[in-house]
Amino acid sequence: MARVVCARDVPGADPWGPGFGPGPHRLQPHATVSPPGVCVLPHTATVGGTGSQNPPEVRPLSNLGTDLRFVPIPPARVLDTRPLAQSIGPSSRVDVRVAGVAGIPADAKAVTLNITAANASTVTNIRAWPAGGSRPYASVLNADSTRSASAAGVILGVGGQQKVSLYNNAGSPHLVVDVTGYFTSALDSGFGYSPLPVAVRVLGTPTSLGP
Numbered sequence: 016m017a018r019v020v021c022a023r024d025v026p027g028a029d030p031w032g033p034g035f036g037p038g039p040h041r042l043q044p045h046a047t048v049s050p051p052g053v054c055v056l057p058h059t060a061t062v063g064g065t066g067s068q069n070p071p072e073v074r075p076l077s078n079l080g081t082d083l084r085f086v087p088i089p090p091a092r093v094l095d096t097r098p099l100a101q102s103i104g105p106s107s108r109v110d111v112r113v114a115g116v117a118g119i120p121a122d123a124k125a126v127t128l129n130i131t132a133a134n135a136s137t138v139t140n141i142r143a144w145p146a147g148g149s150r151p152y153a154s155v156l157n158a159d160s161t162r163s164a165s166a167a168g169v170i171l172g173v174g175g176q177q178k179v180s181l182y183n184n185a186g187s188p189h190l191v192v193d194v195t196g197y198f199t200s201a202l203d204s205g206f207g208y209s210p211l212p213v214a215v216r217v218l219g220t221p222t223s224l225g226p
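Just so we're aligned, residue 16 is where the sequence shown starts under our numbering, counting upward by one.
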């Protein structure tokens, strides 16, 4: 018994194009058997394509603290926009909870993250900072449509509502965030750490050193 799978999008959309625009899209995969064209077990699912979006502002924390200690953990995923096709639109921010989840204590002061931008539709940059703070000028990674994924390891203070903020400059990449450790004010392990209040650029070859 031969089987194939086809997918149909909403009327008027191109089901074979490289992607789709903002808004909900109704996908109808159909399992078919020989002879062709006979559909069995029809299933309908809704996925979303996002444009520009920004959640309500988060109240910042007054002080991240100093003399912190680092505790490594096995990598744990706290954000992945791919399963529901909820890519991050242009000029958009997403807030991600990173404390009180995935084995991170609720009172963690900072976290180490691996941030990945996947399937970028154009040249873009991703910025990251403690939720509730000012968006920095410096990016943590750059991505473009010629690469399937770009990633960077970062250390971020935990902001308001136990979250960090991520900002996408252009296009609609998917974002994946894994937490690999945290900083705590407990004094029984690790080394001291003092966070900067906002990211600062110390090198930019496009403007200072050339290619």
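Backbone N, C-alpha and C define an ideal beta-carbon position, used for all residues, glycine too.
- According to DSSP, residue pairing for threonine 199 in a beta bridge involves Arg84.
- Taking the Cα positions, arginine 92 is about 24 Å away from valine 213.
- When DSSP reads this structure, asparagine 140 sits in a beta bridge with Asn157.
- It is roughly 8 Å from the alpha-carbon of proline 89 to the alpha-carbon of glycine 196.
- Here the region 156 to 163 lies against the region 135 to 144, with 3 or more beta-carbon pairs under 8 Å apart.
- Closest by C-alpha distance to arginine 74, out of Gly186, Pro221, Gln177 and Leu218, is Gln177.
- The three-state secondary structure of glycine 172, taken from DSSP, is strand.
- Arginine 108 is bridged by DSSP to Tyr182.
- Under the 8 Å Cβ criterion, the region 173 to 193 counts as touching the region 103 to 111, having at least three qualifying pairs.
- A straight-line Cα-Cα distance of about 7 Å links alanine 125 and threonine 199.
- Each of Thr131, Val86 and Leu76 was checked against the Cα of aspartate 95, and the nearest Cα belongs to Thr131.
- Arginine 150 and serine 187 have their C-alpha atoms roughly 19 Å apart.
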